[in-house]
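Structure record follows, encoded as structure tokens.
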Amino acid sequence: MDLSDENNHSLIRPTNLQGGAEMGTRKFGVEIKNNRRRALSVINQSLVAAPSYPCVVNKRVLSEKNVVCEKNPPNPVHRPITRKFAAQMASTQICPQETKKPKPSDVKLSVWEDIPITDVEEHNAATDHPEPMFLEQIDAVLGEEDHMEEVEMEDIFEDPVMDIDNCDAKNPLAVVDYVQDLFAYYRKMESSSCVSPNYMAQQSDINGNMRAILIDWLIEVHHKFDLRDETLFLTVNLIDRFLAQHAIIRKKLQLVGLVAMLLACKYEEVSVPVVDDFVFISDKAYTRKEILEMERLMLNTLQFNMSVPTPYVFMKRFLKAAQSDRKFELHSFFMIELCLVEYEMLKFPPSCLAAAAVYTAHCTLYGFKQWTKTCEWYTNYSEDQLLECSRLMVSFHQKAATGKLTGVHRKYCTSKFGYAAKCKPAHFLVETQQEAGHV
Numbered sequence: 111m112d113l114s115d116e117n118n119h120s121l122i123r124p125t126n127l128q129g130g131a132e133m134g135t136r137k138f139g140v141e142i143k144n145n146r147r148r149a150l151s152v153i154n155q156s157l158v159a160a161p162s163y164p165c166v167v168n169k170r171v172l173s174e175k176n177v178v179c180e181k182n183p184p185n186p187v188h189r190p191i192t193r194k195f196a197a198q199m200a201s202t203q204i205c206p207q208e209t210k211k212p213k214p215s216d217v218k219l220s221v222w223e224d225i226p227i228t229d230v231e232e233h234n235a236a237t238d239h240p241e242p243m244f245l246e247q248i249d250a251v252l253g254e255e256d257h258m259e260e261v262e263m264e265d266i267f268e269d270p271v272m273d274i275d276n277c278d279a280k281n282p283l284a285v286v287d288y289v290q291d292l293f294a295y296y297r298k299m300e301s302s303s304c305v306s307p308n309y310m311a312q313q314s315d316i317n318g319n320m321r322a323i324l325i326d327w328l329i330e331v332h333h334k335f336d337l338r339d340e341t342l343f344l345t346v347n348l349i350d351r352f353l354a355q356h357a358i359i360r361k362k363l364q365l366v367g368l369v370a371m372l373l374a375c376k377y378e379e380v381s382v383p384v385v386d387d388f389v390f391i392s393d394k395a396y397t398r399k400e401i402l403e404m405e406r407l408m409l410n411t412l413q414f415n416m417s418v419p420t421p422y423v424f425m426k427r428f429l430k431a432a433q434s435d436r437k438f439e440l441h442s443f444f445m446i447e448l449c450l451v452e453y454e455m456l457k458f459p460p461s462c463l464a465a466a467a468v469y470t471a472h473c474t475l476y477g478f479k480q481w482t483k484t485c486e487w488y489t490n491y492s493e494d495q496l497l498e499c500s501r502l503m504v505s506f507h508q509k510a511a512t513g514k515l516t517g518v519h520r521k522y523c524t525s526k527f528g529y530a531a532k533c534k535p536a537h538f539l540v541e542t543q544q545e546a547g548h549v
């Protein structure tokens with residue numbers, strides 16, 4: 111091919127990648143360039159002669175926004191959070207506007223670059239001029255960022271409900287498939303295991319103080335025999351249910367307690383104490399025949415109904431929801447055993463006693479109120495519903511070492527039970543109630 115051929119000039123004509131193909135000759139391109147320079151010089155002269163806007167780029171406005179942001183950070187979402195986490199959040203407060211603060215040098219001014227930056231104080235007379243559009247857009251973007259930061263913080267403080275049975279999915283003893291139905295049945299049947307909180311009114315020879323003395327002594331007997339926790343709670347339940355249906359004389363009250371513990375041992379224990387052990391523990395106040403006769407009477411009165419949901423049943427479930435450790439568990443059982451002695455606590459159902467014991471143990475150990483969504487979900491009790499019962503537990507804790515009935519306190523002052531009784535009571539729960547009463 112002949113490269114000098116005029117017909118083939120278009121085939122070898124170079125292409126400008128930025129502006130397309132060249133138009134005409136080099137001379138024509140030079141003329142376009144000169145014309146463009148003249149047009150831009152005319153525009154610049156007219157812009158320099160024009161009055162400048164006072165708030166084109168206002169450094170002071172942006173700095174003032176930052177000062178306001180530092181002094182008034184967005185209010186944190188009021189959620190129930192821990193003191194440690196609260197302290198961490200207090201030391202790492204985030205200022206949303208400061209994270210992506212636009213600098214004046216970063217803003218593209220386009221044709222406004224040649225205009226000198228002036229202070230707003232030198233142009234007070236020009237306040238009627240509208241603010242440039244790009245600054246309004248910046249403020250709008252900053253406002254959206256503030257809103258996004260608040261939404262994100264709200265998500266962080268959200269307290270989700272945990273699946274406490276997920277970790278036991280492969281454990282057949284945890285019966286994960288129907289554990290929810292099981293505890294729903296317990297909640298339905300717990301009313302049948304409760305007694306009237308005024309049943310002592312029908313007893314002519316005994317009262318609530320005698321009942322407290324009996325149970326305080328049985329707690330020591332339970333501890334000496336090293337029996338299971340379930341046995342103690344079932345023993346107290348059998349005593350109350352029997353006394354609510356059968357009137358007895360004061361001399362037989364201790365016999366009722368011994369027989370109730372004997373029946374509970376037969377129902378819960380693997381190695382059961384024999385009748386002679388209970389004769390010995392009562393200092394031979396009752397004979398073997400009297401114990402067997404009372405056992406027959408109690409079983410017939412209760413119609414052999416021994417399988418009832420006691421506070422212990424709910425206690426294990428609620429401690430799992432609270433993600434408790436050994437120390438937390440011991441404090442919870444200390445609280446609820448204090449309630450076993452008190453006759454006035456019969457007005458609360460077993461599930462409420464268990465939930466309040468877990469809540470009070472948390473307040474005692476950590477020194478502040480907290481009732482998570484997970485605990486509320488699995489217990490079906492809100493924090494407000496537990497406060498009355500919890501405050502009574504705190505009052506029992508305050509006087510546990512005083513008076514004659516100190517069996518629970520002595521039991522939980524041992525190393526076996528983690529010295530739980532030596533922990534200071536949660537005074538702030540009772541003080542809050544007293545302050546509200548004065549108001």
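Numbering (my numbering), first residue to last: 111 to 549.
Just so you know, even glycine gets a beta-carbon here, dropped at the ideal spot from N, CA and C.
Between the stretch 496-514 and the stretch 338-354, do three or more beta carbon pairs fall short of 8 angstroms?
no
Same chain, Cβ closer than 7 angstroms to residue 441, neighbours up to 5 away in sequence not counted
471, 474, 475, 530 and 533
Around the C-beta of residue 299, are 16 or more other C-beta atoms found within 10 angstroms, so that it is buried, or is it exposed?
exposed
Can you tell me whether residue 296 is helix, strand or coil according to DSSP?
helix
Best match in 455, 280 and 422 for proximity to residue 439 [C-alpha to C-alpha]
422
Which of the three DSSP states, helix, strand or coil, is assigned to residue 382?
coil
Could you check what DSSP says for residue 476 in three-state terms: helix, strand or coil?
helix
Under the assumption that residue 339 contacts residue 443 (Cβ atoms under 8 angstroms), give the Cβ distance between them as a whole number of angstroms.
7 angstroms
In or out: residue 326 buried (at least 16 other Cβ within 10 Å) or exposed?
buried
Spatial neighbours of residue 419 within its chain, please: C-beta separation below 7 angstroms, excluding the five flanking residues on both sides.
296, 299, 300, 303 and 460
May I ask you to report which of helix, strand or coil DSSP gives residue 301?
helix
I'd like to check one pair, residue 375 with residue 432: are the Cβ atoms closer than 8 angstroms?
no
On the three-pair Cβ rule with 8 angstroms, is the stretch 448-465 touching the stretch 316-330?
yes
Exposure of residue 434, with buried meaning 16 or more beta-carbon neighbours within 10 Å:
buried
Per-residue DSSP class, three states only, for residue 495
helix
Go ahead and label residue 402 buried or exposed: buried means 16 or more other beta carbons lie within 10 angstroms of its beta carbon, across all protein chains shown.
exposed
Residues of its chain near residue 446, where Cβ-Cβ distance is below 7 angstroms and the 5 sequence neighbours each way are ignored
421, 425, 463, 464 and 467
Contact under 8 angstroms by Cβ, residue 356 with residue 397:
no
Give the DSSP-derived three-state secondary structure of residue 446 in the structure shown.
helix
Buried or exposed: where does residue 604 fall if 16 or more other Cβ atoms within 10 Å of its Cβ makes it buried?
Absent from the model: residue 604. The displayed extent of the chain is 111 to 549, so no value can be given.
Where do the N-terminal and C-terminal ends of the alpha helix (DSSP H) with residue 553 fall, by residue?
As shown, the chain starts at 111 and ends at 549. That puts residue 553 outside it, with no answer to give.
Nearest-angstrom Cα distance between residue 286 and residue 315?
48 angstroms
Nearest-angstrom beta carbon gap, residue 369 and residue 551 [assumed within contact, 8 angstroms]:
Outside the shown range of the chain, which is 111 to 549, sits residue 551, and nothing can be said about it.
In whole angstroms, give me the CA-to-CA distance for residue 550 and residue 405.
Outside the shown range of the chain (111 to 549) lies residue 550, about which nothing can therefore be said.
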